[in-house]
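Trainee: Numbering (full-length UniProt numbering), first residue to last: 1 to 636.
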Amino acid sequence: MDRFHTEWRASIDDRDSFWLAQSQRIDWTRAPKSALENEGDSWSWFPDGELNLAYNTLDRHVEAGRGDDAAVIFDSAMTAETRTRTYRELRDETAAFAGALRAQGVRRGDRVIIYMPMIPEAVIAMLACARIGAVHSVVFGGFAANELATRIADAGARILVTASGGLEPGKVVDYIPLVREALRLSAGTVDTVIVKQRDGFPTSITDLPWGQGAQWLDWAAVAQSAAPAAPVPVAATDPLYLLYTSGTTGSPKGIVRDGGGYAVALDWSMRNIYGAGPGDVFWAASDVGWVVGHSYIVYAPLLIGAATVLYEGKPVGTPDAGAFWRVIEQHRVNIMFTAPTAIRAIHRIDPDLRLLTRYDTTSLRALFLAGERLDPETYHWITDGLAVPVVDHWWQTETGWAISANPVGFGALPLRAGSSTVPMAGYDVRILNSKGREVAAGKEGNIALRLPLPPGTLTGVWGGPHRLRDSYLSVFPGYYATGDSGYLDEDGYLYVMGRTDDVINVAGHRISTGALEEVLALHQDVAECAVVGVKDSLKGQRAMGFVTVKSGRTLNEEELHEQLVDLVRARIGPVAAFRDVMFVDRLPKTRSGKILRKTLRQIIDGEPHKVPATIEDVSVLEPILAAARAARSPVA
1 MDRFHTEWRA SIDDRDSFWL AQSQRIDWTR APKSALENEG DSWSWFPDGE
51 LNLAYNTLDR HVEAGRGDDA AVIFDSAMTA ETRTRTYREL RDETAAFAGA
101 LRAQGVRRGD RVIIYMPMIP EAVIAMLACA RIGAVHSVVF GGFAANELAT
151 RIADAGARIL VTASGGLEPG KVVDYIPLVR EALRLSAGTV DTVIVKQRDG
201 FPTSITDLPW GQGAQWLDWA AVAQSAAPAA PVPVAATDPL YLLYTSGTTG
251 SPKGIVRDGG GYAVALDWSM RNIYGAGPGD VFWAASDVGW VVGHSYIVYA
301 PLLIGAATVL YEGKPVGTPD AGAFWRVIEQ HRVNIMFTAP TAIRAIHRID
351 PDLRLLTRYD TTSLRALFLA GERLDPETYH WITDGLAVPV VDHWWQTETG
401 WAISANPVGF GALPLRAGSS TVPMAGYDVR ILNSKGREVA AGKEGNIALR
451 LPLPPGTLTG VWGGPHRLRD SYLSVFPGYY ATGDSGYLDE DGYLYVMGRT
501 DDVINVAGHR ISTGALEEVL ALHQDVAECA VVGVKDSLKG QRAMGFVTVK
551 SGRTLNEEEL HEQLVDLVRA RIGPVAAFRD VMFVDRLPKT RSGKILRKTL
601 RQIIDGEPHK VPATIEDVSV LEPILAAARA ARSPVA
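1) If you drop the 5 nearest sequence neighbours on each side, which residues of the same chain put their C-beta closer than 6 Å to that of LEU208?
2) Leaving out the 5 sequence neighbours to the left and right, which residues in its chain are closer than 7 Å to ARG469 when beta-carbon positions are compared?
3) Judging by CA-CA distance, which residue of GLN215, ALA285 and GLU518 is the nearest neighbour of ILE335?
4) Of the choices ILE113, PRO389, LEU564 and ARG597, whose alpha-carbon is the least far from that of THR192?
5) According to DSSP, simplified to helix, strand and coil, what is GLY247?
6) In chain order, what are the residue ranges of uninterrupted alpha helix (DSSP H) at least 4 long that sit wholly in the segment 280-339?
7) Roughly how many whole angstroms lie between the Cα atoms of GLY166 and TYR175?
8) If you measure between the beta carbons of ALA276 and ALA229, is that distance less than 7 Å?
9) Smallest Cα separation from GLY483: which of GLY445, THR459, ALA515 and THR513?
10) In the DSSP assignment, what residue or residues form a beta bridge with residue 651?
11) Extract the residue ranges of the beta strand (DSSP E) inside the segment 545-627, only unbroken runs of 3 or more that lie entirely within it.
12) Nearest-angstrom Cα distance between LYS33 and TRP401?
13) Looking at the structure shown, is THR6 part of a helix, part of a strand, or coil, going by DSSP?
14) Just how far apart, CA to CA, sit HIS5 and ALA543?
15) Using 7 Å as the limit for Cβ to Cβ distance, is GLY65 near chain C?
16) Given PHE18, which residues of its chain have a CB within under 6 Å of its CB, disregarding the five upstream and five downstream residues?
17) In the DSSP assignment, what residue or residues form a beta bridge with TYR241?
18) Which two residues bound the contiguous beta strand (DSSP E) that contains LEU494?
19) Which whole-angstrom value describes the C-beta separation of ASP258 and THR237, a residue pair presumed to lie in contact below a C-beta threshold of 8 Å?
20) Please state if the CB of GLU377 and the CB of ALA521 are separated by a distance shorter than 7 Å.
21) I need the straight-line Cα distance from LEU453 to GLU39, nearest angstrom please.
22) Whole angstroms is fine: what's the gap from residue 641's alpha carbon to ALA145's?
23) Can you find the residues in the same chain that come closer than 6 Å, C-beta to C-beta, to VAL475, ignoring five residues on each side of it along the sequence?
24) Grab me the residues of ARG326's own chain with a C-beta within less than 7 Å of its C-beta, minus the 5 sequence neighbours each way, in chain order.
25) Taking contact to mean 3 or more Cβ pairs, one atom from each stretch, closer than 8 Å, check whether the segment 586-598 and the segment 554-566 are in contact.
26) When you compare each of TYR311, ASP110, SER225 and VAL534 to GLU93 by their alpha carbons, which one comes out closest?
27) Taking only runs that begin and end inside the segment 165-204, name each unbroken beta strand (DSSP E) of 3 or more residues, in chain order.
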């Protein structure tokens, strides 16, 4: 703890010296002489530095004699295909596709939309953009056409890279009709579409007519015909990518990430948070469309010379709840990263972890979880099952890497259920009340980050400097507002309780829905739960729970309802006034695993609601909508 705190303190008190020292692990075409240029609510990292991130993730490892080492391990649970690409193979394929983009007129600073499933070509397309200084914007494969069109228009992209389609359990998602409609809606911004053709999909680029004013090209043909592209040096402050947040209101925000600060931060995080190094097998069970995929499927593992697992499948249903354990055994995974919701899905189907006993997972050193709050019940269950450290860590699309975590690379600090441990290097975390004043240890408030933010975090919101200020910096001057609530304990451990709008007011008492969910999850029959605050004519708001139950449990809903109410009364107290529980087969979630609590609240309150385009399965909302309508019916 002392050794880590000394390093953390240096990263706050002497930011320039600390981060300049960390930058020496990156290969620069022009090494920076200073780390930070800070002007209040505007800052930049390594402003005089120049590099190429594709070179740092590929070429330098080949030049160091590690070209035959594994770089990307592709594992498709949907097709049973597995293939490992070495660093040399990945470099050569990336250079070839970068040449194909250049042949289509893509230059430094141009934006390229990547709309791909979880296949190696998605990684290659991202790295190819970085290789020639283009700015990639990955849109989750299968997003609705209007959402894709919005992102095309906002980014001003004229090149779109896609595939025939993606595979989901029990269905095939045909991308090409979605792309055609997006081109129509975006009014001809895109002039070239490059398609990776996959077998077994309904539509092929040989089908006519195309229209919408774009030329459609075959990935294989253009990659074979173009001259390979060499890495193009770019300023450390140049945008590397835009990643759009999945907000439910207004236009999506394109988070801007630079290349120099990102490289330095990711390198630090892999060594010190995850304890990973060259030759390790690192598996982030996410999607390249999300920030986890950008940071920890693509850039971070390849920066340090590890092998990264690219998994096309689900934690359950492809084919069963042992899918994760099979991948760990087959590829000898050392560090795994996924969302708590994935672990809870396994918990629901296989509560006794019988499927785990079929596989040898002894290669695994640690499991990291992020994306949703890790409830103590799930934490203890998976810790006991895997017998490795289970590390809850907290970060956001905007930050690009962990705000708070357990720095395993230093030797793990004592783990505390419900806490994401302590702030990481460069993050000065404060808990503020509604007036922007710091609160005492142990008291819940708004989690804010004192400016400037560390390297690797957002450098802006696409569309102008005012968008960063208006979206994140205006609530508490001098701070980045995370939008989450929580508290720091006496030892500096951070507890993230949920979004600030998830704190409900019951007859004047402020109650965290995260605390209520923590209690509900204690019941042995509860697999997953979500709590929202709904309107109450007497108390202003009251808590309502949505609960899924574990497979094989026999307690009837009436008995379980009664026991859950009693449990909340015993643990939180009568002040919670908890009595409403709805049992559902599945909770509505985004494809990254976040539960749609705001949408649930709006449905129950009868408010207009917009279903996020990121929802995993919109049919999950149907029984909830029906129940809400019935409850509001005069007959009922």
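The beta carbon of each residue, even a glycine, is placed where N, CA and C say it ideally should be.
Mentor: Working from what's here:
1) Translated into positions along the sequence shown, residue 208 becomes position 208. Any reading at LEU208 needs caution, since the residue's pLDDT is 43, under 50, leaving its predicted position unreliable; the model's value is listed next. Contacts found: none.
2) Stepping through the sequence shown from its first residue, residue 469 is reached at position 469. For ARG469, where only same-chain residues beyond five positions count, the Cβ hits under 7 Å are ASP41.
3) The sequence position of residue 335 within the sequence shown is 335, counting from 1. Selected option, being the one with the closest Cα: ALA285.
4) For this step, residue 192 is matched to residue 192 along the sequence shown. Here the closest residue by C-alpha is ILE113.
5) Counted from its first residue, the sequence shown places residue 247 at position 247. Here GLY247 scores only 48 on pLDDT, less than 50, and its place in the model should not be relied on; the value that follows carries that caveat. DSSP, read as helix, strand or coil, puts GLY247 in coil.
6) 300-304 and 323-331
7) Walking along the sequence shown from the start, residue 166 turns up at place 166. Walking along the sequence shown from the start, residue 175 turns up at place 175. About 7 Å.
8) If you number the sequence shown from 1, residue 276 lands on position 276. If you number the sequence shown from 1, residue 229 lands on position 229. Going by C-beta atoms, ALA276 is not nearer than 7 Å to ALA229.
9) Residue numbering aside, residue 483 sits at position 483 when the sequence shown is read from its first letter. Looking at the Cα atoms, GLY445 is the closest of the given residues.
10) For residue 651 there is no data in the structure shown, the boundaries of the chain being 1 and 636.
11) 580-583
12) If you number the sequence shown from 1, residue 33 lands on position 33. If you number the sequence shown from 1, residue 401 lands on position 401. Their Cα atoms are separated by approximately 24 Å.
13) For the purposes of this step, residue 6 is identified with residue 6 of the sequence shown, where counting begins at 1. Here DSSP, grouped into helix, strand and coil, assigns THR6 to helix.
14) Sequence index remark: in the sequence shown, residue 5 carries index 5 (1-based). Sequence index remark: in the sequence shown, residue 543 carries index 543 (1-based). If I take the Cα positions, the gap works out to 39 Å.
15) The structure shown has no chain C; it contains just one protein chain.
16) Residue mapping note: residue 18 aligns to position 18 of the sequence shown, counting from 1. Only ALA10 and SER11 meet the Cβ criterion.
17) As a first step, residue 241 must be located in the sequence shown, where it is residue number 241. HIS136 and ARG257, per the DSSP bridge assignment.
18) Position 494 of the sequence shown, counted from the first residue, corresponds to residue 494. Unbroken beta strand (DSSP E) run through LEU494: 494-499.
19) By one-based count along the sequence shown, residue 258 stands at place 258. By one-based count along the sequence shown, residue 237 stands at place 237. Indeed, because the Cβ distance is near 5 Å, the residues count as touching under 8 Å.
20) Position 521 of the sequence shown, counting from 1, holds the residue named residue 521. Position 377 of the sequence shown, counting from 1, holds the residue named residue 377. Yes. Within cutoff.
21) The residue you call residue 453 lines up with position 453 of the sequence shown. The residue you call residue 39 lines up with position 39 of the sequence shown. Whole-angstrom Cα-Cα distance: 12 Å.
22) Outside the displayed span of the chain (1 to 636) sits residue 641, for which this structure offers no information.
23) Your numbering for residue 475 matches position 475 in the sequence shown. Non-local beta-carbon contacts of VAL475 in its own chain, meaning distances under 6 Å to residues more than five positions away in sequence, involve ALA481 in chain order.
24) For the purposes of this step, residue 326 is identified with residue 326 of the sequence shown, where counting begins at 1. Only TYR359 meet the Cβ criterion.
25) Judged by Cβ distances under 8 Å, the segment 586-598 makes no contact with the segment 554-566, as fewer than three pairs qualify.
26) Reading the sequence shown from its first residue, position 93 is the one you call residue 93. GLU93 has its Cα closest to that of SER225, out of TYR311, ASP110, SER225 and VAL534.
27) Taking only runs of at least 3 residues, the beta strand (DSSP E) segments lying wholly in the segment 165-204 are 165-168, 171-174 and 192-196.
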